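Chemist:
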Amino acid sequence: MEKHFCPYCMTPVKEGEPCKACGLTSGTYSPSPHHLPPGTILMDRYLVGRVLGEGGFGITYIGCDLRLELKVAIKEYFPSDKVTRHAQASLEVSNYTGALTGNYERGKEKYLQEARTMARMNKQAEIVSVRDFFEANNTAYIVMEYVEGTTFKELVAQKGGRIPAGEFLHMIEPLFFALEVMHGTGLIHRDISPDNLMLENGSVRLLDFGCARESTHGTETMTIALKHGYAPIEQYQHKGQGPWTDVYALCATMYYCLTGKVPQQSLDRLCEDELILPRKLGVDMTENQERALLYGMGIRPRRRYQSVQELYAALYTGVPAPQIEIGQSILFMPESGNQMAAEAGQSIPAEEQRESAAEDSGKRGDVVDVPMTEAISGETGTEEDGNKDTKDSSGNRQTDSGIGAGEAEEKRKKTIHQVKIGAAAAAIVCLVASPFLLQEKLRPVSPDSEETLARTAEEGEEKDPFAEAIPVTAESETALRAALNGDAEAVIWEGEGSIQLTGEALTLTKPLYIGENANIEIATEVTVGDGGLLRIAGNLDNRGFLSAEGDGLIEIESGGNLGGMGSLFVEKEENLSVKSGGTANIFGVDFAEAGFDRLHFVPFSEEDVFRDAAHVRTGRQLLDALEDGNVSSIVIDADITLAESFRHIQKSVMVSEGVTVTAPQDAEASLCFDGWYFVNHGTVSGTFQVGDWNEDGRASNVINYGRITNDIFVESECNIVNRGQMTLGSGGIRSGKLYNLGEFVHDASRGDETWLEFLGVQFTNIGTIRVEGDGLQDRPVVMKFASGTEVRNHGVMEIGGNSRLENEGMITGYGRIFAADIISGHGTEVWNSGIIRVEYAGSAGKAASLSVPAGVQFGNDGLITCSSHSSIDIPGEFDDWGGAFIPYAWGDGGDDFRYVSTAEELKEALEDDACSTVVVDGGSDITLAEELVVTKGLAVAWPGNLHFTGGGLTLKGEDAYIYDAKLTMDGNAITVSDGAVLDIETINGGGPLHVENGGQIILRNYNEDGFLSGQNVTLKSGGRILSTGYGRLENQTVSIDGGCVYRILSDYEMTDCSIEIRKDGELLIETPYGRIDEASVITNSGKLVVGSWQECTLSGEIVNHNDMECYVCLNLEGGKLTNNGYIYVDLAGNSFRGDGTIENNGTIVTPSKGLMEEFRGNYSGNKVEYGE
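In terms of the numbering used here, the sequence shown opens at residue 170 and continues consecutively.
This is the structure in structure tokens:
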């Protein structure tokens, strides 16, 4: 039976009967001719009802999702200045012909693009969610959640004219965080007002997203459709909008809700600012909150908070707000519109300066529906002689012409009244004519280009790309993205802090300047595209995926630096310019020395590489092309089933779209690439290998747009860029960089094995990583991030049932590392022996989460750090295997939180019992001449440093931790005890190191030259050290007592070291490569583990008295292994090597039959036993 719904409220009704909810019938409503008639069904799913609202850019209808029988709001793109419709004749929208046609299509595409972005924000409960979007009737539609509640305008009336400050600020607090996220995507609401904020079931909701958008560009006529009192001045100009635009509207809305008074409109405030201080109206708020609110309503964008994050900090955490003067200090009070033009930098003829500005017409200065190209003018009388006020003998104000103070005041008021209309009109003229009034212009110029830029345009010189730039003043990814996505011609970031780019992929299509003291860290995908210029005078740290294409240019100025670990991809070499004095250094490789090495600096144009390619359609043709010395590149244009393996492919190969290449599954290596480029647009099925297991391979680049299935083995340095889908059964990726921008799946049903291991890999995930093991019952599917692997997760990690994720490296998450809705099924396990960082991207304003549901086993003997803005929720089985957890505070406010930048401030904060957490400001290098004792939380913001010149460092107690430490010790001692945790980012010149009574140290990136050279390391009574960064142990004595663990998860070198493992102590070396020199000795009476994949070179001596396990090839280059206890060896079929000595006085057990096949040295003592 077909259901019917009321067109007014979408309540189910019987046909022809009144609605029981609203009492109306379908025939009561008569839509306008250009509205969709009630009963229209879109996409065979969405029923259209009455019009809820209409603006200059669209129409909003109440609707019903017929499939779900759910009430929705349907927004239709309908810019009234570009389209028309007569619904009785056709539902199709007809757009006007001529110049506006292209504008309409661009506007429609932008409308849909913003819908796509909004759809990704459905987790933000405060912002009305997008359920669907589509094109129909020659226009676009967005289906949104329908919100039923009370608008804040209605709420003010219900509360008697105003909402109490405490109640109101608590009510809207969640909105700040939602707006931060929204701005981070590049979206701006542009229409925040009391009737667009709603309270639904006690929660704030933001409605009518994007209602006021720029409709055209240039000088075409535009109609302003703004809410006066809430729209900032830049919206009247249609330029220079960004997060600061929403800041103004939000503060104006707050002003109304707190005072019950609609704020004076921004154009009127240009002439005379008559805002009344909220506290004078009886609003119960602090003076700092009042200043913050009014500073957020600054008339000029530059004199206003640039982000909601800054506003929030002042309103809620007590960060001091700037001093402001409202009412008494007028921004400018021109005698005429000419003066405003003069202030805007325009030349005014003398005779015009003497003319009057405007005449009082008796009309209000409203700007509703004012065509922007219409001439605006007016006149007012002025005094030609320029009389000035003086005071008479009694102190009364008097003008030179003898007018008394009272009469002068009346004249002043009348003059103000007379100029308001003219000044407001002149303001519009000035705002349209010149952006100088709204923002300061910055011209970052290198010394060698000043003379060039000083030349005139008539000489034919190119325009400085930053001449019309706007600056970003907030240390915020949100502010930077908003500026880049806004209308500004160019953007400048030259603060002294750091901005992290961690959100959505960013394509730069305009100039961006990074100032001398500024830093940007890329941890996502950034493309410098056509029209884009990335000029670096400061520092760009690339830890994501950075590329340049088309005419995009990355330009490194003198003193500028491009660094980090992520490779740089350019379409042509001209996309990168490094000037004298500038540096580009990626992963320790300097561009000045290496040039375009195809590994760190990768020049790749698919068109250029395959322009003269040989096109093949059969396996025979492929083999011939590979063997032809005249062929440099190959394109496979037809499906091929390979009858043999292809090894050492040293040509560029591309698989065309729609083509499938299938290789034999039983071959040792089906497709083995050794250098050059492999590009896949089709499907490749078979074992896929990059580099050779036993030979030095050359750098390869694999770029996948299609599908690659089955097993993978990567042995040589390479870049793997996945933009499509990689579904892998098993394998090992032992080096290189992996960028997942698509879907990366470990599916054990694809092969016989169930493991996929990453070793020493830089893995940037912007897409989805998924582990699927539900199809197997006899063994779990294992994805292992082994030592040396760093995973930067900005996408999604899904772990299915019967699966296990093992981490011995570092996982850094700025979003969801694990989440309850993506980890599911029985038998799911997470084992952490490395580091998991649940980060708060401060400049991005994003909180991360680690959430593991019930039924999942989570084991930790590594380190988990979680910022106070982020969250950890593990209701499942949590096994604390002795690991550390640091719930560090970062970016908090309050009386218990303290920022410091000097030694005196640091000491005072540490001694203050009311302070629980101390943060060393980024950029601060604090020198300490005496011992520092830490018994509370201490964080060191990048790139701050603690330099100990005359005393050591002591951490004591379970409440004590130092997070992200950068330490210079000058030989002074470090003691960590009684449950304290020291997390060291870098350490130089260390002295003796003592870890005792449950204390823990995490070493991440200490100096390769020997962080504790010549010093003693002592672990007692449950002390633990976890080392994850490359280390060189030199001339050291290490003592590991019972119950203590020293765990090494990174490549290492031991030079002239003596390590003693006492009873019940443990040394766990779980690393791909290690070297123990001839002067080093390890004596084991506890437990020694040497792993986990490649090789340990032993030139010194290992003496085992108790229990030892070996999982790497032990290469005895003149070294000696003496066994007086028990050794278990599993080399997966490989052999001991070298010419050293093995003296077995105890027991050696191995499942590897060929353990001694390649050993050329001396073996004596008991025979090796074969077995499990």
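Glycine is no exception: its CB is placed at the ideal position from the N, C-alpha and C atoms.
In this text the structure is predicted, and so the values were computed from the model without any measurement.
Using 10 angstroms around the beta-carbon of P202, count the other beta-carbons present and answer buried if the total reaches 16, otherwise exposed.
Modeler: Exposed: under 16 other Cβ atoms inside 10 Å.
Chemist: Here's a check: name, in chain order, each residue in its chain whose Cβ is nearer than 6 Å to the Cβ of G1148, leaving out the five neighbours to either side.
Modeler: These residues qualify, in order along the chain: E1127 and G1167.
Chemist: Would you mind reading off the limits of the alpha helix (DSSP H) that contains T647?
Modeler: That run of the alpha helix (DSSP H) goes E646 to N654.
Chemist: Quick test of your reading: L731 and N744, contact by CB under 8 Å. State the CB separation rounded to the nearest angstrom.
Modeler: Contact doesn't hold; Cβ gap of about 12 Å is too wide.
Chemist: Can you tell me whether T229 is buried or exposed? The criterion is at least 16 other CB atoms within 10 Å of its CB, across all chains shown.
Modeler: T229 is buried by the Cβ-count criterion.
Chemist: Can you say whether I210 is buried or exposed, counting buried as having 16 or more other CB atoms within 10 angstroms of its CB?
Modeler: With fewer than 16 Cβ atoms within 10 Å of its Cβ, I210 is classed as exposed.
Chemist: Smallest Cα separation from N879: which of T852, G905, N888 and V1272?
Modeler: Ranking T852, G905, N888 and V1272 by Cα distance to N879 puts T852 first.
Chemist: Hey, quick one: how far does the alpha helix (DSSP H) through S435 stretch, first residue to last?
Modeler: That run of the alpha helix (DSSP H) goes S435 to C440.
Chemist: Between the Cα of L768 and the Cα atoms of N870, R331 and E762, which residue gives the shortest distance?
Modeler: Of the listed residues, the one whose Cα sits closest to L768 is N870.
Chemist: Alpha carbon to alpha carbon, how far is I1153 from G1003?
Modeler: Their backbone Cα atoms lie some 14 Å apart in a straight line.
Chemist: Which one of K906, G429 and A955 has the shortest CA to CA distance from A326?
Modeler: When only C-alpha atoms are compared, the closest one is G429.
Chemist: Quick one: is L237 buried, meaning 16 or more other Cβ sit within 10 Å of its Cβ, or exposed?
Modeler: Exposed, by the Cβ-count rule.
Chemist: Is the beta carbon of T1240 closer than 9 Å to that of S1268?
Modeler: No, the Cβ-Cβ distance between S1268 and T1240 is not below 9 Å.
Chemist: Using the beta-carbon count (16 or more within 10 Å), is G472 buried or exposed?
Modeler: According to the sequence provided, residue 472 is Arg. The question's Gly does not apply to it. Exposed, because fewer than 16 other Cβ atoms sit within 10 Å of the Cβ of R472.
Chemist: Within a Cβ cutoff of 7 Å, which residues of the same chain sit near R707, ignoring the five residues on either side of it in sequence?
Modeler: In the sequence on display, residue 707 carries Gly and not Arg. Excluding residues within five positions, the ones whose Cβ falls inside 7 Å are I683, G684, E685, N686, A687, N688 and G729.
Chemist: Given a cut-off of 9 Å, decide if L1290 and S1321 are closer than it, judged by their beta-carbon atoms.
Modeler: No. Outside cutoff.
Chemist: According to the neighbour-count rule (16 or more other Cβ atoms, all chains shown, within 10 Å of its Cβ), is H339 buried or exposed?
Modeler: So H339 ends up on the exposed side.
Chemist: What is the rounded straight-line gap between the Cα of E186 and the Cα of V217?
Modeler: Their backbone Cα atoms lie some 19 Å apart in a straight line.
Chemist: Can you tell me whether F247 is helix, strand or coil according to DSSP?
Modeler: Residue state, collapsed to three classes: coil.
Chemist: Who does E745 pair with in a DSSP beta bridge?
Modeler: The sequence shown places Leu at residue 745, not Glu. I723, per the DSSP bridge assignment.
Chemist: Helix or strand or just coil, what does DSSP make of M1325?
Modeler: DSSP places M1325 in coil when its eight states are reduced to three.
Chemist: To the nearest angstrom, how far is it from the Cα of G276 to the Cα of L928?
Modeler: Their Cα atoms are separated by approximately 48 Å.
Chemist: According to the Cβ coordinates, are R1193 and I1170 closer than 9 Å?
Modeler: Yes, the Cβ-Cβ distance between R1193 and I1170 is below 9 Å.
Chemist: Are E1338 and T1310 closer than 9 Å when you measure CB to CB?
Modeler: It is not a contact, given that the beta carbons lie outside the stated cut-off.
Chemist: With H, G and I counted as helix, E and B as strand and the rest as coil, what does DSSP make of M351?
Modeler: Note: M351 maps to helix in three-state DSSP.
Chemist: Compare the beta carbon distance of G655 and Q433 with 9 Å and say whether it is the shorter of the two.
Modeler: Taking 9 Å as the Cβ cut-off, G655 and Q433 do not qualify as a contacting pair.
Chemist: Below 8 Å on the Cβ atoms is my contact criterion, and I expect Q1184 with G1159 to pass it. Report the Cβ-Cβ distance as a whole number of Å.
Modeler: Their Cβ separation, rounded to whole angstroms, is 6 Å, which keeps Q1184 and G1159 in contact under 8 Å.
Chemist: If you drop the 5 nearest sequence neighbours on each side, which residues of the same chain put their C-beta closer than 6 Å to that of Q404?
Modeler: Hits under 6 Å: L395.
Chemist: How far does the alpha helix (DSSP H) with L419 in it reach, from first residue to last?
Modeler: Segment P412 to T428, the alpha helix (DSSP H) holding L419.
Chemist: With 16 as the cutoff for other CB atoms within 10 Å, does L450 come out buried or exposed?
Modeler: L450 comes out exposed.
Chemist: As a quick exercise: from S716, I805 and A692, pick the residue whose alpha carbon is nearest that of D699.
Modeler: Of S716, I805 and A692, the residue nearest in Cα terms is S716.
Chemist: Starting from R1231, trace the beta strand (DSSP E) both ways and give me its first and last residue.
Modeler: Per DSSP, R1231 belongs to no beta strand (DSSP E) and is neither H nor E.
Chemist: Report yes if the C-beta distance between I881 and F847 is below 9 Å; otherwise report no.
Modeler: It is not a contact, given that the beta carbons lie outside the stated cut-off.
Chemist: Straight-line CA distance for A1072 to D1090?
Modeler: Looking at the two C-alpha atoms, the distance is approximately 12 Å.
Chemist: Taking the beta strand (DSSP E) that Y230 falls in, what are its first and last residues?
Modeler: Its beta strand (DSSP E) spans residues G227 to D234.
Chemist: Under three-state DSSP, which class holds P447?
Modeler: Here P447 sits in helix by DSSP.
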